[in-house]
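If you're matching them up, the sequences are chains B and G in order. Residue numbering for the first sequence follows this note's numbering, starting at 1 and increasing by one per position. Residue numbering for the second sequence follows this note's numbering, starting at 1001 and increasing by one per position. For reference, the structure discussed in these notes is given below.
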Amino acid sequence: MLNFILLIIIYIGIYAIAGIGLNLIVGYTGLLSLCQAAFIAIGAYTTAIFMTALHFGFFEAMLLSGLVAAIFGILIGIPTLRLKGDYLAIATLGFGEIVKNIIVNWDSVTKGPMGINGIPGPQAFGITFSAIDKVPWAVLIWAILAFCYYFVRRIVRSRIGRALEAIREDEIAASAMGINTAKYKIGAFTTGAFMAGIAGSLFAAYNQSVAPLTFDFMMSIMILCMAVLGGLGNNFATVVGVIIIVIASEIPRLVGISHIIPPQINQVIFGLILVLMMIYRPQGIIGRVKLNYAKIIKEEILHLEK
Amino acid sequence: MPLLYTQNLRREFGGVVAVSDVSIEIFKNTITGIIGPNGAGKTTLFNTITGLDYPTGGFVFFKGEDIIPLPAYQITRKGIARTFQNIRLFKEMTVFENVMIGRHFRGNHPKFTSNKYLNFIMGRIFVAREERDIYFNSLKWLEFFDLLNVRDEYAKNLPYGKQRELEIARALATEPDMLFLDEPAAGMNPQETEELMGTIKKIRDLGITVVLIEHDMKLVMNICDKIIVLNYGRKIAEETPDDVQNNPEVIEAYLGKSDE
């Protein structure tokens, strides 16, 4: 039972890292992206390939995964300079499918539909991370989540974050305010993709295997739903959304009734939650919060005087 | 030498010539009005000068430099700010944040101190100084427009007149040398228009050159040093308010030709 709870905690951590990245793209910058799963897949496969074929250490592979995903983030970021709203969503959806299909068909590198197995557990701080002992994994993943959370919090509480929100509200007015909208849009995509890459890397190393069909369109949609459920444009809300959806999808197993009800019931409950949400609280459970600048500036000034 | 001048500026949309070889001169510390019937090309002229649209011919020189090749955000950084005809505020952001956006590129970028290596990694000191600078400068503009008491409201919740003021405050926060106002008095009652006239004069007294499009003749005739009249994309007059009122071509553009 404890093991099962730890498993849930680990998945919450992994999805939350990807979710915070997506929130930066969709919630703050207002670019509707449906390819977060593709970035996760790129991260997961980078880690899998570099750790099995090239015998990289886990942490090197993890950073590399983030970087590779970020490079693809730049590539998909460039069309966002021209596309808006629905059109961008379609373009990112297409990108996600391309990534999945390349992974399925590029047998010599990705081993096709079979996936890559036998990714070694990382060794660090004198501990060997393995699938049996979940505690080190949970600590590691939540430490990375905490770092990502703090990182994005620092971004959105600075002029960069305000610039991203200005782009979401009105791109033309933003450029008339001296904001280089192209730079910030690509920047948001790249940062979001980097985090997805890290999440994918953790996913691969924790499961010790990757398979292409995990990273399908449904995964992108699920991460988007997590961000929307909590409230777009609020990182804490995104984490709450992730917690709710991951737990909700594991409830049958958690209470031990998974043998009576079919697993498809998850999807039904999940869909129902979303429909009710959109009717009664479209801004999300928590929603966006106004920042109290007077208070923030007081903190900043105290920090300067230190 | 004029602060800003255009030479044969032209903008065609397919076969329609929206701005046709317009050459204007705007001198420092003046208020210039641009008037003309609907569809005369006033807003298109604004858009081509401020970089939101590109001209199909001609030049725009600002402080002696050709600004046509620059993107809109670079032109703003050179010192040209503007407002929009159909208010374009950041609606889901607070009044304060709207003005802070205006200071986006004006944050002073201090060098980091060598002994605070960790702080540099997270940019803590850097951001703290920058935010402090942005904060206090934005406060100044909120005070100028008497918006302090509503600073934590969402911009979309402000009354219409206040929204117009906020848009001007946001533009002024970029510390421009020139301010382009696109119909600032549209939808205002006579008393608000009166106040706006005072505000525009105050902005001019800060050393900012103002150019405005306006249909309210009382406002235009009272505060402008020079009036440019456009009709069908062509400039038909560029003279003082008194001369414009007696210019037969201008009267014809507004009222039509008499049948005599």
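Just so you know, even glycine gets a beta-carbon here, dropped at the ideal spot from N, CA and C. Keep in mind the model is a prediction, meaning the values are calculated, not measured.
The beta carbon of Glu-1092/G sits closer than 7 Å to some beta carbon of chain B. For the segment 179-210 of chain B, residues whose beta-carbon sits nearer than 8 Å to a beta-carbon of chain G comprise Ile-179, Asn-180, Thr-181. When C-beta distances to chain G are compared with 9 Å, the residues of the segment 285-299 of chain B below that value are Arg-288, Lys-290, Leu-291, Asn-292, Tyr-293, Ala-294, Ile-296, Ile-297, Glu-299, in chain order.
Taking the beta carbon of Ile-172/B as reference, the chain G residues within 9 Å of it are Leu-1052, Ala-1072, Phe-1084, Arg-1088, listed in sequence order. Within chain B, the residues placing a beta-carbon under 7 Å from that of Met-1100/G are Arg-162, ordered along the chain.
Under the DSSP assignment, Thr-1032/G falls outside any alpha helix (DSSP H), being part of the beta strand (DSSP E) whose first and last residues are 1031-1035.
Taking a C-beta distance under 7 Å as the contact criterion, Tyr-1054/G and Asn-180/B do not qualify as a contact pair. For a cut-off of 8 Å, the C-beta gap from Leu-1179/G to Ile-1203/G is around 6 Å, short enough to register as a contact. Close to Asp-1182/G, with beta-carbon spacing below 9 Å, lies no residue of chain B; the smallest spacing is near 11 Å.
Interface with chain G (7 Å Cβ-Cβ cutoff): Glu-97/B is excluded. If you ignore the 5 residues before and after Val-1150/G, its C-beta comes within less than 6 Å of the C-beta of Val-1095, all in its own chain and listed in chain order. Interface residue (Cβ-Cβ distance to chain G less than 7 Å): Ala-237/B is not classified as such.
The beta carbon of Thr-1193/G lies closer than 8 Å to those of Ala-1185, Asp-1216, Lys-1218, Leu-1219 in the same chain, with the five residues before and after it left out. Contact holds between the segment 23-34 of chain B and the segment 85-93 of chain B, because three or more Cβ pairs, one in each stretch, are under 8 Å apart.
With contact defined as three or more Cβ pairs closer than 8 Å, the segment 62-78 of chain B and the segment 219-235 of chain B are not in contact. When secondary structure is reduced to three states using DSSP, Phe-56/B falls in the coil class, being assigned neither helix nor strand. The beta carbon of Tyr-1160/G sits no closer than 7 Å to any beta carbon of chain B.
In this structure, Val-210/B places its C-beta atom within 7 Å of the C-beta atom of Gly-115/B. Taking the CA atoms as reference points, Leu-1070/G sits about 22 Å from Arg-1170/G. In terms of Cβ geometry, Ser-65/B and Gly-96/B do not form a close pair [threshold 7 Å].
In the three-state reduction of the DSSP assignment, Ile-285/B falls in the coil class, being assigned neither a helical nor a strand state.
Residue contact check for Arg-1077/G against chain B: a CB pair falls below 7 Å. Per DSSP, Asn-207/B is one residue of the alpha helix (DSSP H) stretching across 181-207. Residue-level contact by beta carbon fails for Glu-1153/G and chain B, as no gap is shorter than 7 Å. Within the same chain, and ignoring the five residues on either side of Phe-58/B in sequence, the residues whose Cβ sits closer than 6 Å to its Cβ are Pro-122, Ala-205. The beta carbon of Lys-185/B sits closer than 8 Å to those of Thr-29, Leu-31, Gly-77, Thr-80, Leu-81, Ile-167, all from its chain and outside the five residues before and after it, given in chain order. Arg-1170/G reaches chain B at Ala-173, Met-177, counting residues in chain order whose Cβ is nearer than 9 Å.
Spanning the alpha carbons of Thr-128/B and Phe-56/B requires a straight line of approximately 15 Å. The beta carbon of Arg-1077/G is closer than 7 Å to those of Phe-1105 in its chain, skipping five residues each way along the sequence.
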